[in-house]
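Numbering (this note's numbering), first residue to last: 4 to 315.
Okay, structure coming up:
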């Protein structure tokens with residue numbers, strides 16, 4: 004499967020937009036036709052954002068109950084929680100897909116094929132990382148899989164120290180959200196900061212104890228603005244995933260994009276992420292009527308090895 008086929012197949016899994024989400028795009032198109040500026044009806048936009056946030060909270064709570072049971076819990080037995088030794092390395096293999104779109108022209112990307120003399124913007128990238136479990140030293144392959152370079156340290160510290168902190172998080176969602184800044188000291192405040200911290204843990208921390216993953220997932224469903232897909236989607240390799248997103252209206256207005264977090268529907272382990280270009284924007288000068296997946300990151304596999312450069 005080539006990268007464009009993989010991205011195109013993902014489009015079928017993106018939920019169709021409603022009228023409220025199409026409205027900003029229609030307004031941009033009308034302003035473009037009339038020659039008007041980019042003035043926004045801020046007061047109305049705020050009212051719409053409040054309504055959308057309330058709807059998203061209800062949807063997220065319903066989706067959480069749908070996936071983890073009526074009381075928001077799931078039996079996580081059978082999911083391995085293998086912890087490496089301090090002298091071992093966490094191995095991760097990734098695939099990244101990028102649609103051949105040039106986003107230099109603000110919200111109106113155009114397809115590029117490299118015919119202008121420069122490289123095409125789209126394509127597939129494969130790379131691997133090795134993180135020292137006890138120290139957090141981080142290495143990765145670049146363009147040549149035989150070349151492994153040190154790129155620094157894990158953002159959160161050593162995986163071992165982070166796992167110890169995560170293991171101590173409370174089970175209650177409200178108490179867990181209050182405790183998160185002690186584990187992830189960055190991310191900002193409010194619902195967006197709460198979501199960013201949980202997203203960081205899912206994305207960056209391997210071997211989170213399964214009961215803690217379940218608690219983090221339950222907490223996601225209580226954050227205003229978070230939406231959890233009510234049915235499985237597919238990642239770029241065809242695996243079933245849960246789609247989690249946060250209603251970041253400023254990011255959407257500035258870039259016309261949404262970032263989705265992809266989790267395993269059974270274990271809630273991190274499976275990847277994707278970037279979605281929102282309906283109502285322009286691609287190649289033509290208005291879009293549905294969301295389009297324009298980038299995807301896939302965590303192919305995770306393992307434990309005894310030395311960097313080894314593969315499980």
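All residues carry an ideal CB built from backbone N, CA and C; glycine is no exception.
Here DSSP, grouped into helix, strand and coil, assigns residue 201 to helix. The beta-bridge partner set that DSSP reports for residue 254 is empty. Taken in chain order, the complete beta strand (DSSP E) segments of 3 or more residues contained in the region 206-249 are 229-231, 243-249. With respect to the C-alpha of residue 100, the residue from 212, 301, 187, 256 having the closest C-alpha is 301. DSSP, reduced to helix, strand and coil, places residue 274 within a strand of the structure shown. When secondary structure is reduced to three states using DSSP, residue 261 falls in the strand class. The alpha-carbon of residue 303 is positioned some 19 Å away from that of residue 262. With distances taken between CA atoms, residue 105 lies nearest to 114 out of 201, 97, 114. The criterion of a C-beta distance shorter than 9 Å is satisfied by residue 132 and residue 95. Annotation: the continuous beta strand (DSSP E) that includes residue 302 extends over 295-308. Under the Cβ criterion (8 Å, minimum of three pairs), the region 167-185 does not count as touching the region 237-255. Residue 203 and residue 295 have their alpha carbons spaced roughly 24 Å apart. Taking a C-beta distance under 9 Å as the contact criterion, residue 285 and residue 292 do not qualify as a contact pair. DSSP lists no bridge partner for residue 106.
Taking a 10 Å sphere around the C-beta of residue 178, we find fewer than 16 other C-beta atoms and assign the residue as exposed. For residue 135, the uninterrupted beta strand (DSSP E) segment begins and ends at 126-135. By alpha-carbon distance to residue 209, the top candidate from 162, 281, 103 is 162. If you ignore the 5 residues before and after residue 226, its C-beta comes within less than 6 Å of the C-beta of 194, 197, 198, all in its own chain and listed in chain order.
Collapsing the DSSP output to three states places residue 192 in coil. For the set 307, 230, 191, 277, the Cα lying nearest the Cα of residue 102 is the one of 277. Beta-bridge pairing by DSSP links residue 95 to 132, 305.
The beta carbon of residue 308 sits closer than 8 Å to those of 91, 92, 94, 133, 314, 315, all from its chain and outside the five residues before and after it, given in chain order. In the DSSP assignment, residue 140 falls within the beta strand (DSSP E) that extends over 140-144.
For residue 89, the number of other beta carbons within 10 angstroms of its own is below 16, and it is reported as exposed. For residue 244, the CB contacts under 8 Å within the same chain, skipping 5 residues up- and downstream, are 235, 236, 237, 238, 265, 266, 267, 268, 274, 275 in chain order.
Closest in C-alpha terms to residue 145, from the list 130, 138, 155, 157, comes 130. 9 Å or more divides the Cβ of residue 169 from the Cβ of residue 213. A direct Cα-to-Cα measurement between residue 224 and residue 187 gives close to 19 Å. Using a Cβ distance threshold of 9 Å, residue 287 and residue 112 count as a contacting pair.
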